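These notes concern the structure reproduced below.
Protein chains: 2
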Amino acid sequence: MNPAVPLDRVFHALADPARRAMLERLTRGPASVSELAEPLAMSLPGVVQHLAVLEQSGLVTSRKAGRVRTCQIAAGALQPAEQWINERRIAWERRLDRLGDYLAGETQMEGNER
Amino acid sequence: MNPAVPLDRVFHALADPARRAMLERLTRGPASVSELAEPLAMSLPGVVQHLAVLEQSGLVTSRKAGRVRTCQIAAGALQPAEQWINERRIAWERRLDRLGDYLAGETQMEGNER
DNA sequence: CTTTCACTTAATTATTTGCTTAAGTATACC
DNA sequence: GGTATACTTAAGCAAATAATTAAGTGAAAG
Numbered sequence: 016m017n018p019a020v021p022l023d024r025v026f027h028a029l030a031d032p033a034r035r036a037m038l039e040r041l042t043r044g045p046a047s048v049s050e051l052a053e054p055l056a057m058s059l060p061g062v063v064q065h066l067a068v069l070e071q072s073g074l075v076t077s078r079k080a081g082r083v084r085t086c087q088i089a090a091g092a093l094q095p096a097e098q099w100i101n102e103r104r105i106a107w108e109r110r111l112d113r114l115g116d117y118l119a120g121e122t123q124m125e126g127n128e129r
Numbered sequence: 016m017n018p019a020v021p022l023d024r025v026f027h028a029l030a031d032p033a034r035r036a037m038l039e040r041l042t043r044g045p046a047s048v049s050e051l052a053e054p055l056a057m058s059l060p061g062v063v064q065h066l067a068v069l070e071q072s073g074l075v076t077s078r079k080a081g082r083v084r085t086c087q088i089a090a091g092a093l094q095p096a097e098q099w100i101n102e103r104r105i106a107w108e109r110r111l112d113r114l115g116d117y118l119a120g121e122t123q124m125e126g127n128e129r
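The listed protein sequences derive, respectively, from chains A and B.
Counted the way the working numbering counts, the first sequence spans residues 16 to 129.
Counted the way the working numbering counts, the second sequence spans residues 16 to 129.
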């Protein structure tokens with residue numbers, strides 16, 4: 016249930032807009048490092064560092080052919096992150112559901128657990 | 016479509032195990048700062064700092080009554096994050112689908128788009 | 001063989017994190 | 001009033017991030 020997937024790294028990788036932009040580009044197909052860098056108002060080494068974060072998180076893989084490194088998204092790598100979020104969302108939606116108009120009420124919360 | 020929700024902050028908030036633990040605790044109901052801190056092998060000010068990150072991300076809200084601050088998860092705050100992930104996952108699963116046994120093949124990738 | 005191209009590596013730098021301890025504030029209790 | 005409780009604020013600090021420029025490597029093109 017808790018695989019050797021570093022959830023920390025995945026969420027950290029997703030927390031940067033440049034890295035999310037790179038992922039979005041890669042959902043439209045494989046790309047070279049230069050192609051990933053092009054829209055990014057950033058030096059190439061900067062992009063390479065972001066790419067390293069993405070690879071260490073398992074979200075992206077790359078292979079070098081000749082002098083071009085081609086990057087791809089890794090299938091299924093987002094699943095643990097999505098699952099974590101989904102589980103929590105469901106849990107607390109259910110809870111908020113049970114509480115009914117708790118939020119609308121006067122919330123005297125002296126009697127909850129512990 | 017792109018609300019004033021700082022996706023950066025949400026993913027960043029989720030990238031720390033202590034903060035995720037606090038969120039998991041809060042899915043079981045509201046808690047005071049001390050209750051959040053208890054299982055956390057960390058000083059109270061440390062916990063307060065993590066709490067600040069969670070509040071700034073919009074994932075948690077808190078109100079102070081007397082000398083006790085009670086924390087709650089914010090309904091729906093995770094939705095944009097989940098949605099972002101979901102959209103990408105779907106997009107690239109569809110893509111991998113179209114590619115068929117691309118991954119199993121010899122992958123001569125000189126003819127892709129652009 | 002030389003130059004160009006596509007990275008790659010290294011070294012720097014400023015900022016942000018994630019923690020700590022110490023001291024302060026504001027209730028609640030006796 | 002005095003004291004304990006539940007944070008709160010402040011200050012400091014080591015490590016990690018996010019970026020840069022400059023120099024290096026190795027395949028491709030002329």
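In this text, a Cβ means the ideal position worked out from N, Cα and C, and glycines have one as well.
Please read these numbers as outputs of a predicted model, since none were measured by experiment.
At 9 Å on the CB atoms, spell out the chain B contacts of residue 32 of chain A, in chain order. In chain order: 22 and 23.
Whole-angstrom C-beta distance between residue 36 of chain A and residue 55 of chain A, which should lie under 8 Å: That belief holds up - the Cβ atoms of residue 55 of chain A and residue 36 of chain A are roughly 7 Å apart, short of 8 Å.
Please state whether DSSP places residue 49 of chain B in a helix, a strand or coil. In this structure, residue 49 of chain B counts as helix in the three-state DSSP scheme.
Please report the straight-line C-alpha distance between residue 43 of chain B and residue 71 of chain B, rounded to a whole angstrom. When rounded, the separation of the alpha-carbon atoms in residue 43 of chain B and residue 71 of chain B is 21 Å.
Considering only the alpha carbon of each residue, which of A:92, A:65 and A:112 lies closest to residue 73 of chain A? Looking at the Cα atoms, A:92 is the closest of the given residues.
Short CB-CB distance (under 9 Å) between residue 67 of chain A and chain B: No, residue 67 of chain A lies away from the interface with chain B (no Cβ there is under 9 Å from its Cβ).
Buried or exposed, going by whether 16 or more other CB atoms sit within 10 Å of the CB of residue 60 of chain B? Label assigned to residue 60 of chain B: exposed.
According to DSSP, what are the bridge partners of residue 80 of chain A? According to DSSP, which records beta bridges pairwise, residue 80 of chain A is partnered with A:83.
Is the distance from the Cβ of residue 23 of chain A to the Cβ of residue 30 of chain B below 9 Å? By the CB criterion at 9 Å, residue 23 of chain A and residue 30 of chain B fall inside the cutoff.
Find the nearest neighbour of residue 47 of chain A within the set A:109, A:81, A:98 and A:25, judged by alpha-carbon distance. Of A:109, A:81, A:98 and A:25, the residue nearest in Cα terms is A:81.
Straight-line gap, residue 128 of chain A to residue 66 of chain B (C-alpha atoms, nearest Å): The predicted model places residue 128 of chain A with a pLDDT of 39, which falls under 50 and marks its position as unreliable; any figure quoted below should be read in that light. Distance between the alpha carbons of residue 128 of chain A and residue 66 of chain B is about 21 Å.
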